[in-house]
Every structure is written in structure tokens, then in C-alpha cells.
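Note sheet for the following structure.
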């Protein structure tokens, strides 16, 4: 088969970059012809080099597709390498690499989309989805639905493939077993016997941790014995700190900052809370379920695909603080229900989101001649 080009020129490191690196690494280890195109000063480029995957450095911006010389040079690059597949992650890369790949006659031009955000119905998007992109690879049914929410005819549904993000459960189990054998304690959330509520994610608007402060206020009013632990860093840290102080929640809510061992942090809690406005695929939901934590989250986006409502957790109407608090209270007051949901969630995610199975499916999809 012809080679596969993974094209992702963002400088930062995030879920999309993690997916590109894992997919490229898997195929490379399967002796497939793979090349990564990444920002020469970016995290993806550096990590690919460290592994030994062939990588080509390229910097681009939102308007790079208007530079006809840059598009032409990229077209020649694609033709020289005779790729059969070019797979892109960013909208700006679709504009640049997509146009160059179409000009070069690349058979399969795939847009891998991981954000559950509607695509705007602009003339440029209609052009790209109608004349440039041949297939779309998404990480959840929710992402597939949002892709067409503003224009149901933007792209043929039959050319959209859903492939969930996979988790390395074997590696996760080994980490937990190693710590257990070494008698290394889990995350220390302090003394006493309150129920520990845990959240983990970037402190950004999408993750909506401000909602958790509202939850903490209401749970305190209900005189429930709890502690809330929020892990992660981001631009909203100062805003959250001020809210915690204003509501006199210093003894109830703690911001732990960057968490270098997410599994330990999640394992130390009793209930996992996720108030995100949207999740293309909730990695952290699957991780929490894997360590047998019941989840309370919104019944929106891809959450129901990861956490079956009423079985692995409780999903509530988005933004409904009272309903969210009712769900949390029901779990605080029932250790047995927490254990039952935790066990179900563990079984569900290990059955449905095992990385090796998912990567094998993606490899077969990318290696096909269709």
C-alpha cells in the first residue's frame, strides 16, 4: 500500500496531537510507511523524533493556504512521497494540506475531527468538505452529529467513520499494580472521612469548573460531609480562587494545580464530577471509570457514549445545578451504589475503549484501498 502522512502543525500538545502520535506509532511499528508532518518547534515533532518515527518539520498559520507558493511546494512534497493517505487534524491544516493533497492527486484526504463543535456553514467549509476532503474520521457519534448540525448536506454521512479514542488499560493496570506492590499511597486528600469529589481538567471555559463552585455552595447548604478536589492548571485559576474565597469554601474546595499522576489523583476520590460544556471524547471519564469511580456529568455531547446513564454514573441536564447536586447527594449517601456503578463503569470502558483493538481497527481503515 502507499504511505500515510499524518499532518498536524500545531505547536501545542493536546488530545489531537496525542492521537496522531499514537496512531502513527502503531502503524510504524506494524512496518507501514508513515510520515508525520509537524511544527518543527512543537511537542509532536519532538516526541516523534524521540520515538524514531519519520517526521518532517513545517510551520503554518491560518492564512498559509493563501500562499500559493507554499501550497505548490507542499503539493510537490506529497507527489514525491507518493502518499495514498493524507490525514489532517486542524481546520487550518485542512485548508493548506487538503488543497495541496487534492492538487497532488492524493486518493484519500481524511479530516480527523475530535471536537464536538458544529462546523460553520461557510462557503469555504462547503468548498473544503465538498471538493477537497474525501473522508472524515471522528472520535464519537456526538462529534459526527455536530459536524452536520449546521448543514445536514455538508458531507455524506456514509463517509464519516467513528473510531473512539483508545486507552492503554494494560499500561494503566501495571502502573497501579506497581504502586500497590511498593506500598506507595494514593493521592493524599487529608484526614477525616468526608466523601471526596474529584475533577480533573484544564482550568478553561470549556471545562466549566466554575459550575463546581456553585455545586459546592449548594452541597454545603445541604450540610453534606464532602471535600472537592479540582486538578489542573489554566487561565481561570485566579477566577476560581476568588470564587472559593468569596463563598468561604477554603475548607471545602481545593485547587491542586497540575497533576503529574492522573490515575493516582482519580483513585484517591470517591466520585468523579465533569461539568464540561462539551467533550469530543471524554478521556478523563473513561479513566475515572477504569479506576472504578462513579461519575456525575451532563447528559450532553459524547458523555452518554462513555458513561451509560444510571449504570456507570448519573447524567443530568446541562447547567442544572440542583439536579447535579441531587445526583451527587444520592451517591454521597450510598456507598453501595457508588461501588456498583464503579464496577459497571470499569467493565464497560475496558470492553469498549481498549486501545489495541481500536488502533487495529484504525490501521485497517487507513490501510484499505477504498
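In the UniProt record's numbering, the protein residues as written are 1 to 370. Yeah, the Cβ is synthetic: ideal placement off N, Cα and C, and Gly gets one too. Computed from a predicted structure; not experimentally measured.
Which residue comes first and which comes last in the alpha helix (DSSP H) that contains residue 345? Counting along the chain, the alpha helix (DSSP H) containing residue 345 begins and ends at 335-352.
Does DSSP classify residue 328 as helix, strand or coil? In the structure shown, residue 328 sits in a helix (DSSP, three-state: H, G or I).
Per DSSP, cross-strand counterpart(s) of residue 111: Under DSSP, residue 111 takes part in a beta bridge, and its partners are 88 and 136.
For the alpha helix (DSSP H) containing residue 199, name the first residue and the last one. In the DSSP annotation of this structure, residue 199 is not part of any alpha helix (DSSP H); the continuous beta strand (DSSP E) holding it starts and ends at 195-200.
If you draw a straight line from the alpha carbon of residue 91 to that of residue 48, how long is it in whole angstroms? Rounded to the nearest angstrom, the two C-alpha atoms are 22 angstroms apart.
Let me confirm a value: residue 125 is counted as buried when at least 16 other C-beta atoms fall within 10 Å, else exposed. Which label applies? Buried, since its Cβ has 16 or more Cβ neighbours within 10 Å.
Spatial neighbours of residue 214 within its chain, please: C-beta separation below 7 angstroms, excluding the five flanking residues on both sides. Close CB contacts of residue 214 within its chain, under the 7 angstroms cut and outside five residues either way in sequence, are with 321 (chain order).
Tell me which residue opens and which closes the alpha helix (DSSP H) that residue 119 is part of. Boundaries for residue 119: no alpha helix (DSSP H) harbours it, and the DSSP string shows neither H nor E there.
Going by DSSP, what residues sit across from residue 271 in a beta bridge? Under DSSP, residue 271 shares a beta bridge with 197.
What does the Cβ neighbour count give for residue 155, buried or exposed, with the cut at 16 atoms within 10 Å? Residue 155 should be labelled buried.
Mind checking whether residue 9 and residue 39 have CB atoms under 8 angstroms apart? In terms of Cβ geometry, residue 9 and residue 39 form a close pair [threshold 8 angstroms].
Under DSSP, the alpha helix (DSSP H) around residue 20 begins and ends at which residues? First-last of the alpha helix (DSSP H) with residue 20: 15-29.
Secondary structure, alpha helix (DSSP H): runs of 4+ residues fully inside the segment 280-309: Listed in chain order, the alpha helix (DSSP H) elements of length 4 or more contained wholly in the segment 280-309 are 283-290 and 303-306.
Just the Cα atoms here: how many angstroms apart are residue 363 and residue 189? Between residue 363 and residue 189, the C-alpha separation is close to 42 angstroms.
Using DSSP with H/G/I as helix, E/B as strand and the rest coil, what is residue 189? In the structure shown, residue 189 sits in coil (DSSP, three-state: anything other than H, G, I, E or B).
Cutoff 6 angstroms; reference residue 350; Cβ partners in own chain excluding five residues on either side: Correct list, in chain order: 169.
In terms of alpha-carbon separation, which member of 72, 108, 252 and 158 lies closest to residue 84? Among 72, 108, 252 and 158, the Cα nearest to that of residue 84 belongs to 108.
State yes or no: is the C-beta of residue 209 within less than 8 angstroms of the C-beta of residue 240? Yes, these two residues count as a Cβ contact at 8 angstroms.
Less than 8 angstroms between the C-beta atoms of residue 5 and residue 35, yes or no? Result yes, Cβ atoms of residue 5 and residue 35 sit closer than 8 angstroms.
Does the distance from the C-beta atom of residue 212 to that of residue 275 stay below 8 angstroms? Yes, Cβ-Cβ distance for residue 212 and residue 275 is below 8 angstroms.
Under DSSP, the alpha helix (DSSP H) around residue 35 begins and ends at which residues? Note, residue 35: premise wrong, no alpha helix (DSSP H); beta strand (DSSP E) at 34-38.
May I ask you to verify whether the segment 235-252 touches the segment 271-287, counting CB pairs closer than 8 angstroms and requiring at least 3? No: fewer than three Cβ pairs fall under 8 angstroms.
Span of the beta strand (DSSP E), counted from its first residue to its last, around residue 145: Element bounds for residue 145: not the beta strand (DSSP E) but the alpha helix (DSSP H), 141-147.
In terms of residues, what are the limits of the alpha helix (DSSP H) holding residue 357? Counting along the chain, the alpha helix (DSSP H) containing residue 357 begins and ends at 355-367.
Please classify residue 8: does DSSP put it in a helix, a strand, or coil? Strand at residue 8.
Indicate whether residue 132 and residue 113 have their beta-carbon atoms separated by less than 8 angstroms. Residue 132 is not a Cβ neighbour of residue 113, given a cutoff of 8 angstroms.
Cα-Cα separation, residue 262 to residue 231: Going by C-alpha positions, residue 262 is about 9 angstroms away from residue 231.
Take residue 102 as the anchor and find which of 123, 135, 14 and 121 has the nearest alpha-carbon. Closest option to residue 102, judged by alpha-carbon separation, among 123, 135, 14 and 121: 135.
Since residue 197 and residue 226 should fall inside the 8 angstroms C-beta cutoff, what is the C-beta to C-beta distance between them, to a whole number of angstroms? That belief holds up - the Cβ atoms of residue 197 and residue 226 are roughly 6 angstroms apart, short of 8 angstroms.
Give the DSSP-derived three-state secondary structure of residue 258 in the structure shown. In this structure, residue 258 counts as coil in the three-state DSSP scheme.
When you compare only the Cα positions, how much space is there between residue 200 and residue 76? Distance between the alpha carbons of residue 200 and residue 76: 44 angstroms.
Are the segment 278-293 and the segment 139-153 in contact at 8 angstroms, needing three or more beta carbon pairs? Yes: at least three Cβ pairs fall under 8 angstroms.
With a Cβ-Cβ cutoff of 8 angstroms, do residue 296 and residue 313 count as a contact? The answer is yes: Cβ separation under 8 angstroms.
What is the rounded straight-line gap between the Cα of residue 259 and the Cα of residue 352? Taking the straight line joining both Cα atoms gives about 26 angstroms.
Return the first residue and the last residue of the beta strand (DSSP E) that residue 129 is part of. Careful: residue 129 lies outside any beta strand (DSSP E) and carries neither H nor E.
Does DSSP put residue 213 in a helix, in a strand, or in coil? Note: residue 213 maps to helix in three-state DSSP.
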